[in-house]
Amino acid sequence: MAVTLVVCCVLLQSDQSYAAGKHSNDRQVRPLPKGVSVYQLDNGMKVLLIENPALPMVGVNVVVKVGSAFETFSTSGMSHMLEHLLFNGTTTRSQKQLYDDVDRIGGYNNATTAEYYTNYMMVTPAENIRKGMEIQADMLFRSTLPSDKFEKEKGIVLEEISKSLADPQEQLERNTLSMLYQGHALSLPTLGTYSTIQALSRDDVNTFYKNNYVPNNMILSVIGKFRTSAMLALIKEIYGKASPGQVRRASDPEWATGFQRPQEAAPGITVEHRQYDGDDFVMRVFYALPSGRPQEFMQLLTYVTEKAKERLQASLKTRFHQSVKSLKITTRLSPFSDFLEATLILKTRVDEDSLLSALTSELSGLSFDLPAETVAAELTKTRTEFARNIEKPHMFGIYNADALAKEGIEAVLSAYGRDNLTDAAKDLAGLKLGPHPFVLVQSPAAKKDTSRMDASGSAEQFKNDASGKNLIVAQNDANRLLAIHYLVKHKAAFEFKYGKDASKILHECLNDRLKSDANQKASGRFGFSFTVNDNPFIPMDDIYLHPDFGYIRVEGLADDVPGAIAYLNSQFKDFVPTEDEFKRAVEKFKGNEAMMMGGDKSRKLFDALRDSVLYERNLYAGGPSILTYQNTIAFAKEYFAPSNMIISIVSPSAPESIDLLFKEVGFSPVAGEPPVYTPTLLLPAKAGSIERTIGGERSYVFWGFVRAIDPNDAPVLQALSLILSERIVFDIREKQGMAYNISAGIDVIKDKALFFVSQGTRPQNVGVLMPQYPRFFQAGSLDSLKQDDLEKAVNMYLGRMMFRRLSSINQAYYLGYSAYFFNDFTYDARFLDRLRNVRLGDVKAAAKKYMQVTNPQAIIVR
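Note that numbering that gives the first Met the number 0 numbers the sequence shown so that position 95 is 94, with each residue one more than the last.
Here it is as structure tokens:
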């Protein structure tokens, strides 16, 4: 086919101008910003190019305009299933070759599915983008959807559905969608359902693929370091050869898809009731909004409701005797109906009519007439957000895929329009909410007997110091998951001996091996998912930031526990990476480091200064700076030895039966095992102050002091820390507006405690903030503290900790962590129980005992 590039639509005249936004016929035509251009290939693919020569990388996103909004009951989940399948091989590459080729160029290749789109992203160092684009185009246009991978991917998707349904929030959302969008594909979950996924055939998915994955149904955006002329030539060569096709949509008068309006629109004066597996009563109220309003209208509406939310929530709490726990107000948008959505979380059931009347009265009393300076500030924020987005090529597609799919490139570029928010503000000023909203009340379902569902309650440890075996097994016979957490010990000591980042590289080599075609085939029946390293852009959790252990997380089905564990034992036993696996791992992390773009220099200096002042010298600092392949092999032999691991397992099986499955692992005693390493706080002999100036938009400040403590006071000090943190953060952030992120409170490490405040702020705030910090740590500041304040702070923390321990794999983590650092696998559970029982007198006594400012340390990096 022809591959000539042509300029697209009215927006794309030779002077490169466009009309920003929708819902207006008289917008001024404005020039595109420098470095931005829009095109259309002869095969119909639309192209947005945004040059940013300051970036060392290039991100290519392809939005395929198909998602769950175009599905029916028989095809529900097909878009998401297809996204999975596109990573399984093409006519020119096997699945392993796809992964290897991406790793080889230091690339990041991922995808996501939503209602109106499936988005594919490829990010590589600028010099490798051609190869990355070739891989992406290969997946988009030449995937084979291999039959031997189909059932495996089904299993993975079914696991994903299972995981989502375990979340009460997902149940709330599914109930909401089924009511709000009756008769439309939006009423179906993007993941599909158990029934629809189980019923999918490979041929049906392949037909869906051939129908929708055509270039005239795609929008390509490129952001990063390139020259437009050269990039256009690449796009023409790589994507322009694909043939266009006619996209056929399902037609059913009783079932709407895409942008069609359903016949069964949500009625006006209606109350629906549903049950879900949560603890609270939830009332969701939907007020119809005027149709066809642009995103700027919704942005300003959200601004108004967010400003009013706290006041409205307090009013409703007072009126309904604290039965109202929280109020959330947001917008819920679709191409055919827009709503203002209010979600009320209730401790107990209240009179629904009275609550609805009170809520409607409060919302109807809001003024939507915004001052000009507020609109101007929002405009600046919008333009800033767009500018920030184009500095993140790996996230640009995620941020903008929905707007691209629904409204086209113009919707994204409208962030530069100067009149959009002004027009929207005028329109919003006259908004009147209708008196007859649609209401969905969701009540807790009847609770099942949970007497056998406490995984940690039946945990047993199988430990043999002579052989080095350390196995912890918890039984949860109400779950069908097998979760295995390998805590690999003494990372700091072994990396000091063999080379920096050795664990990260070795873990990636193992991951590479597990992804091989042979292993995928062997492990597919277990439904395994593996996590071996944190995503550097989305840190998995701060529980994994400790320098002295590595981890491997494995989750799968518990249908065949003996077979699953036998497979894992065979993979770990005497693991030796190949040289190719080593090279791919090294290249992958080089690409990740490039994507981090150097980081914040001021913050790095600040962190280094703080650590040098507060902590004893790291015994394991230094060591070989370059990791060799031979050192990696030697590292693996010691580091991956079974006796250098604490293996914790949560499954439906009895602990004794799990223990028997590890008899053949080959535990052997570790000679000269190093001690557990953890950073140790210093007790400074005198007060100190360090100040450095780098220059920039942000300064970093620290103030704190260290006290020797009785380790038995750790739970009480944790409670005191929660109180201090809440007060300090509220004062500095909420009252004074001098912080966005701030950390404050008490860090306890063995027999010492650090009382501190650490934050970033604008340079002009430093002189105001530093003199304030000492006052927060006066014991007398707690004279007004009440038992209710303490219970609120502790219960909030316990709730968060409970949330972290919901999944079987996180339960396994805490068992292993407790065994490693405290030589007691029950430590975590016991600590939380002790914290739960802390009383007001305990906290005040601890404050009097320890909260005496001694030799404080101050650090400022401007």
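Note that the Cβ used here is the ideal one computed from N, Cα and C, for glycine as well.
At the level of alpha carbons, what is the spacing between residue i and residue j?
i	j	result
S360	L354	10 Å
G244	I222	27 Å
D350	L834	37 Å
S78	M217	14 Å
S356	A686	60 Å
G456	Y826	With a pLDDT of only 47 at G456, under 50, the local geometry of the prediction cannot be trusted, and no value is derived from it.
R804	L797	10 Å
D14	L31	With a pLDDT of 30 at D14, under the threshold of 50, the modelled position of that residue is not reliable, and the figure given next carries that caveat. Approximately 9 Å, taken between the alpha carbons.
T379	V585	41 Å
Y849	E663	51 Å
L199	A557	24 Å
K589	G105	6 Å
A857	R609	9 Å
K603	P52	24 Å
W37	S67	The sequence shown places Val at residue 37, not Trp. Answer to the nearest angstrom: the Cα atoms are 28 Å apart.
N711	K587	45 Å
S780	R292	51 Å
G840	K785	10 Å
K405	S250	20 Å
Would you check if the distance between the CB atom of residue i and the CB atom of residue j is smaller than 9 Å?
i	j	result
M282	V438	yes
K224	M120	no
D41	T89	no
A792	K847	no
L219	M44	yes
S333	K499	no
E50	V35	yes
A184	S75	yes
P770	V852	no
E830	P714	Per the sequence shown, the amino acid found at residue 830 is Phe instead of Glu. Yes, they are a contact pair.
L187	L139	no
E340	F296	no
N108	P145	no
F661	N568	yes
A635	L505	yes
D401	A113	yes
L721	V747	no
Between which two residues does the beta strand (DSSP E) harbouring residue i extend?
i	result
L339	D337 to L345
T530	S528 to T530
M217	M217 to G223
M644	M644 to S650
Y550	F548 to L556
D203	Premise fails: D203 lies in the alpha helix (DSSP H), R201 to N211, not in any beta strand (DSSP E).
A759	In the sequence on display, residue 759 carries Gly and not Ala. Here the beta strand (DSSP E) through G759 covers K751 to T760.
Out of the options, which has the shortest C-alpha to C-alpha gap to residue i?
i	options	result
S783	D202, K843, E295 and Q570	K843
H435	D533, V270, S75 and Y193	V270
H489	L626, V575, V560 and F639	F639
K162	P641, I344, I808 and S73	I808
P668	I237, L660, S325 and M644	M644
T329	T301, D337 and S442	T301
D516	S73, S688 and Q94	Q94
Q96	V122, V65 and S142	S142
T530	Q519, K520, I551 and A521	I551
Y98	V156, V213, F821 and N510	N510
E390	E637, Q135 and V122	V122
N211	E236, W254 and R248	R248
P392	L48, D251 and A501	L48
D788	G759, R838 and R799	R838
G562	F581, L358 and A521	A521
Y566	E578, T577 and V553	V553
R201	K148, I234, E725 and R173	K148
E578	I632, D606 and N617	I632
Tell me the residue span of the alpha helix (DSSP H) that contains residue i.
i	result
P561	V560 to F571
N174	P167 to L179
S78	M77 to L84
Exercise. Counting pairs of beta carbons, one from the segment 644-657 and one from the segment 465-482, are three or more of them closer than 8 Å?
Worked result: yes
Exercise. Are the segment 657-676 and the segment 722-741 touching, with three or more C-beta to C-beta distances below 8 Å?
Worked result: no
Exercise. Is there contact between the segment 459-470 and the segment 396-406, where contact requires at least three CB pairs shorter than 8 Å?
Worked result: no
Problem set entry | At least 3 beta-carbon pairs within less than 8 Å: the segment 809-826 vs the segment 477-487 | yes
Exercise. Pairing CB atoms from the segment 698-706 with CB atoms from the segment 750-758, are three or more of them under 8 Å?
Worked result: yes
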